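Numbering (the numbering used here), first residue to last: 10 to 116. Cβ atoms here follow ideal geometry from the backbone N, Cα and C, with glycine treated the same way. Note that the structure is predicted; figures quoted are calculated from it, not measured.
Written out as structure tokens, the structure is:
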């Protein structure tokens with residue numbers, strides 16, 4: 010996780026970034042580094058409905074993963090790529106799925 014965030018921080022070093030995470034062990038480990046341009050916000054336990062990513066995963070399941078058996082990891086990856094391409098072509102829909110009006114972050 011730290012390596013991912015370090016790379017993320019370097020890639021977006023000119024921005025103030027927010028990482029919204031649940032409290033999974035790998036998100037809260039003492040090895041998780043702090044970066045000046047990344048702020049961590051942790052969700053309360055047992056609240057996947059507050060996590061914007063969960064809404065995207067639900068849409069992914071609806072689009073390509075409901076009642077399907079894949080024969081290979083390649084098929085899984087191709088299905089995910091098709092979902093991400095769909096998201097890229099439907100940015101308004103992604104905004105509606107992941108934007109919470111009531112969420113007011115003091116960053």
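Between residue 29 and the set 19, 37, 82, the nearest pair of CA atoms involves 37. Within the model, the alpha-carbon separation for residue 58 versus residue 23 is close to 30 Å.
Unbroken alpha helix (DSSP H) runs of no fewer than 4 residues, entirely contained in the region 10-35, are found at 11-20, following chain order. Counting along the chain, no alpha helix (DSSP H) covers residue 74, and no H or E run does either. Residue burial annotation: residue 14 is buried, with at least 16 other C-beta atoms found within 10 angstroms of its C-beta.
Under the 8 Å Cβ criterion, the region 66-78 counts as touching the region 88-107, having at least three qualifying pairs. Its chain contains no residue whose beta carbon lies nearer than 6 Å to that of residue 21 once the 5 sequence neighbours on both sides are disregarded.
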